[in-house]
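For the record, in the sequence shown the residue sitting at position 66 is 1349 according to the working numbering, with numbers rising by one throughout.
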Amino acid sequence: MDRNVIVCRSIFENPAVTQRELAKELHISLGTANSLVKECLDKQLIAVNKVNETYELLTEGQALLEKHKVDGAVIIAAGFGSRFVPLTFETPKGLLEVFGERMIERQIRQLHEVGITDITIVVGYLKEKFEYLIDKYQVKLLYNPEYSKKNTLTTIYQARELLRGKNMYVLSSDNWMRHNMYHAYEGGAWYSSSYMEGETSEWCLDYNKKGRILNVFVGGKDQWVMYGPAFFSESFSSKFLPVLEDYYHLPGTEQFYWENVYMEMLSGEAAKRLPDLPEAKEEIEMYINRRQADEVYEFENLEELRRFDVKYQRHSDNEAMELVSKVFQVSESEITEIRCLKAGMTNKSFLFKIKDRHYICRIPGPGTELLINRQQEKEVYDATHDLGITEKIVYFSGETGYKIAEFYEGAHNADAENEDEISRCLKLVRKFHQSGLKVSHSFDFKERIDFYEKLCKASGDILFDDYNLVRGCMKELLDRLDGLGHEKVLSHLDTVVDNFLILPNGDIRLIDWEYAGMCDPLVDIAMFAIYSYYNEEQTDRLIEIYFEREPSMEERFTVYAYMALGGFLWSLWAVYKASLGEEFGEYTIIMYRYAKNYYKKCSKIVLE
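Structural data, given as structure tokens:
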């Protein structure tokens, strides 16, 4: 850190600055501040105006500052923000308001106040929500295509050319600074730091007398911690970016923060990982930028935000929170312990507590209004209510698809490899298959395949080269199944093990009936098999467990045929969802393989 730059900058910003104020800015003694001022005077960087006893910045001082001019800023805004659900289901965390001002806008405004206008926002989740900032503040947007799978190491990797050879702030969109801590000039790379009293799980800093960071470690007691924005000087980036680029390609670093790379450069681990990279062995300089208490805020979750801005206790402007408040007839402040649950392939859900009980609120995902008839789903829940096999519904809207259900404390999902649990789950499946319950709608594979095919073609090409051939094979299976004339019963259609809850008392609940309808009951066995990625041996055993006997050839054929049809249908479903920006990795290929492989098995079966 070039302290002369800080002295010159302080005089540039306030010619009447005192040495005591300089000492406070640099976290040094008054005597050291006096020595620094004398040094700058001797180098003719500054002079004393004897008329009014203020300082003047001389030509040499101005030249020094120009070498340390801040070129711009990169704002990280790609992530989902799971700790802020349900607000972030609708709004990226950086666009949440604090005291009536969006957090990212506050930072942009603060940057503009010191003349920094070259600002790039790295976006990902709900990227379209940030587009208005281009017109309002003349910022640029950079899309990170890996935002949903990787962490901020990847975000900085995507923005690396914006940082290379420049002096740049690196900010997080969801930080809030009480005062403007940015400047037109910086003396060296730094990381903002706040003091945490007591135990902390934050990233803690060791540093020397001059403030240079020597070590970063996670967790400690009474520590200065990484908290808020950072500044990458040109010299810092020249050493850091080559290491980060190599880390990006290393297996196992997908969930690394960019700070992980820096931490391992300090510890020497980077040199071990990258023995052939010179920069990994070099010393790297970054300094602690100690901030006063209550100046920088990194809101860890919605609860912290609610404590800071009481607006979020009363009225969050969030549809899900407003619904919960209305259903339970409580104020939003009484909705506590909110956390994101694992998002499903169709919906998003969050857990919350009211008084002494926990509940789950389900929010339909984007595009699901085209795929699922929520009135039909409500009809299924109404029909199965007295059977006692589903989750306990507190609220269900057939118009919006919002659902609130009780949360089962201590329950766990069924294990696809545990035969005892699978047997108990299939016993429940037989129960509703044999219950005689009826609803007014059916699940028609032919109609659904046609429907998803049209959606896929409307949003882009279906990329399977042999699609038309496989499509013809599926038609052949549908014709053969129609010829069997099996009775239709109420079927779940989504019998993945994650939808089976095993309660502490041993009872089982089958949840999420959004695809349910009247259908051949063996479709539920087929779906169970493909969702569990079962092989042929496991599938045959599953069929035997369901029937509790040796199945007939027709029964085996029926399960195999629905496995093929299910794989084909859900591969189309995944292709369509991908066109909406939701990717499911290898799931698409696995489902398509089920379609082809089990068609081949069916083609070898001759039924009398």
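Backbone N, C-alpha and C define an ideal beta-carbon position, used for all residues, glycine too.
Here the structure is a predicted model, which means the values were calculated and not measured.
{"Check": "What are the residues that DSSP puts in a beta bridge with M1509?", "Outcome": "S1476"}
{"Check": "Suppose you measure from the CA of M1284 to the CA of V1320; what does that come to, to the nearest Å?", "Outcome": "16 Å"}
{"Check": "Identify which residue in Y1870, V1422, R1495, N1463 has its Cα closest to the Cα of W1473.", "Outcome": "R1495"}
{"Check": "By Cβ distance below 6 Å, which residues in the same chain neighbour K1884 in space, the five residues on each side in sequence not counted?", "Outcome": "Y1843"}
{"Check": "In or out: R1461 buried (at least 16 other Cβ within 10 Å) or exposed?", "Outcome": "exposed"}
{"Check": "Can you tell me whether DSSP reads M1569 as helix, strand or coil?", "Outcome": "coil"}
{"Check": "Which residues mark the beginning and the end of the beta strand (DSSP E) in which N1630 is found?", "Outcome": "1630 to 1637"}
{"Check": "Assign A1442 to buried or exposed, taking buried as 16 or more other Cβ atoms, counted over all protein chains shown, within 10 Å of its Cβ.", "Outcome": "buried"}
{"Check": "What did DSSP end up calling H1466 once you bin it into helix, strand or coil?", "Outcome": "coil"}
{"Check": "At which residues does the alpha helix (DSSP H) containing K1884 begin and terminate?", "Outcome": "1870 to 1886"}
{"Check": "Rounding to the nearest angstrom, what Cα-Cα distance links L1738 and F1747 in this structure?", "Outcome": "15 Å"}
{"Check": "How far does the alpha helix (DSSP H) with L1773 in it reach, from first residue to last?", "Outcome": "No alpha helix (DSSP H) contains L1773, which is instead part of the beta strand (DSSP E) from 1772 to 1774."}
{"Check": "With burial defined as no fewer than 16 other Cβ atoms inside 10 Å of the residue's Cβ, what is the status of Q1659: buried or exposed?", "Outcome": "buried"}
{"Check": "Tell me, please, whether the segment 1527 to 1538 touches the segment 1481 to 1499 by the rule of three or more beta-carbon pairs shorter than 8 Å.", "Outcome": "no"}
{"Check": "Please name the residue or residues paired with D1489 in a DSSP beta bridge.", "Outcome": "N1498"}
{"Check": "Bridge partners for L1793 per DSSP, in chain order?", "Outcome": "F1783"}
{"Check": "Can you tell me which residues form a DSSP beta bridge with N1332?", "Outcome": "T1337"}
{"Check": "Taking Cβ positions, are I1359 and Q1390 nearer each other than 8 Å?", "Outcome": "no"}
{"Check": "Going by Cα to Cα distance, which pick from K1333, N1696, C1644, G1448 is closest to S1911?", "Outcome": "The chain is shown only over 1284 to 1891; residue 1911 falls outside these bounds and no answer can be derived."}
{"Check": "Give the DSSP bridge partners of P1647, in chain order.", "Outcome": "N1630"}
{"Check": "The alpha helix (DSSP H) that contains E1234, what's its start and end?", "Outcome": "The requested residue 1234 does not occur in the structure, where the chain is confined to residues 1284 to 1891."}
{"Check": "If you scan the segment 1647 to 1730 from start to end, which runs of the alpha helix (DSSP H) of 4 or more residues do you find wholly inside it?", "Outcome": "1651 to 1654, 1657 to 1667, 1702 to 1716"}
{"Check": "In chain order, what residues of the same chain lie with their CB nearer than 6 Å to the CB of E1674, ignoring the 5 residues before and after it?", "Outcome": "A1688, R1792, I1794"}
{"Check": "Who are the Cβ neighbours of C1323 in its own chain at under 8 Å, not counting the five residues just before and after it?", "Outcome": "N1287, V1290, C1291, I1329, G1344"}
{"Check": "Pick helix, strand or coil for H1641, following the three-state DSSP scheme.", "Outcome": "strand"}
{"Check": "How far does the beta strand (DSSP E) with T1536 in it extend, from its first residue to its last?", "Outcome": "Element bounds for T1536: n/a, residue is neither H nor E."}
{"Check": "Using a beta-carbon distance below 8 Å, is P1561 in contact with chain C?", "Outcome": "In summary, chain C is missing from the structure at hand, where a single protein chain is found."}
{"Check": "For Q1506, is the classification buried or exposed, using 16 other Cβ atoms within 10 angstroms of its Cβ as the cut-off for buried?", "Outcome": "buried"}
{"Check": "When DSSP builds the beta bridges, which residues end up paired with G1503?", "Outcome": "T1483"}
{"Check": "At a cut of 8 Å, does the segment 1544 to 1557 reach the segment 1510 to 1526 through at least three beta carbon pairs?", "Outcome": "yes"}
{"Check": "Which residues mark the beginning and the end of the beta strand (DSSP E) in which V1357 is found?", "Outcome": "1355 to 1360"}
{"Check": "In the DSSP assignment, find the beta strand (DSSP E) that holds S1455 and state where it starts and stops.", "Outcome": "1451 to 1455"}
{"Check": "Would you be able to state if there are at least three C-beta pairs under 8 Å between the segment 1765 to 1777 and the segment 1794 to 1803?", "Outcome": "yes"}
{"Check": "Thinking Y1881 and A1847 are a contact (beta carbons under 8 Å), I'd like their distance in whole angstroms, please.", "Outcome": "4 Å"}
{"Check": "Can you find the residues in the same chain that come closer than 7 Å, C-beta to C-beta, to Y1440, ignoring five residues on each side of it along the sequence?", "Outcome": "L1527, E1528, Y1531"}
{"Check": "Name the one or two DSSP bridge partners that Y1595 has.", "Outcome": "Y1595 pairs with nothing; no bridge assigned."}
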